[in-house]
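Undergrad:
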Amino acid sequence: FPVTIATALQLKCSTMPQALQHLTQLTQWLITQLTTQFGEQCHINTPNHAENRLAGVVNVSFPAFLGEKLVLKLDLRGIGVSSGSACHAGSSAVLPSHVLLGMGLPVAIAQSSIRVSMGAFIRRHPACTTFGGTLFRGL
């Protein structure tokens, strides 16, 4: 049993650089898609430079909506995102992220934020409209 775990860890560690590169590219792709599709209607809260952000996580605000409402509407369309602070996940109180507030963002931006988390097995597809106008239309 310990040999199996050690082998699995070796295999996983050997693929980490490729997974990190993939997630870094996927994160940049999503940020580009959001800013291209929505322009001034969205505010990217994730740091601009790849070396200053966590690959695979994008935090974005749509000031016209409360983040919690976006979570529910996107869930109905099969997209899982989160809102508020990850530290308060599962809490009955919907609180804006203290991290976003600590970054100096206005409460309205923090309350309208959603967090998109992606894993190494997420792939882009040419027909992907996950964050295109199709899914956000009518929100």
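Residue numbers are given in our numbering: position 26 of the sequence shown equals residue 405, and the series is strictly consecutive. No residue lacks a Cβ here, since even glycine has one placed at the ideal position from N, Cα and C.
CB-CB under 6 Å to Thr-403, same chain, minus the five flanking residues each way: which ones, in chain order?
TA: Ala-429 and Ala-434
Undergrad: I'd like to check one pair, Leu-451 with Gln-490: are the Cβ atoms closer than 7 Å?
TA: no
Undergrad: Where do the ends of the alpha helix (DSSP H) carrying Ser-393 lie?
TA: 381 to 417
Undergrad: Within the continuous alpha helix (DSSP H) that includes Ile-493, where are the two ends?
TA: Counting along the chain, Ile-493 falls outside any alpha helix (DSSP H), though it belongs to the beta strand (DSSP E) covering 492 to 496.
Undergrad: Which term fits Thr-415, buried or exposed, when burial requires 16 or more other beta carbons within 10 angstroms of its beta carbon?
TA: exposed
Undergrad: Identify whether Asn-431 lies in helix, strand or coil by the three-state DSSP scheme.
TA: helix
Undergrad: Rounded to the nearest angstrom, what separates Trp-408 and Ser-496 at their Cα positions?
TA: 13 Å
Undergrad: Is Val-450 helix, strand or coil by DSSP?
TA: In the structure shown, Val-450 sits in a helix (DSSP, three-state: H, G or I).
Undergrad: Which residue comes first and which comes last in the beta strand (DSSP E) that contains Val-436?
TA: 436 to 440
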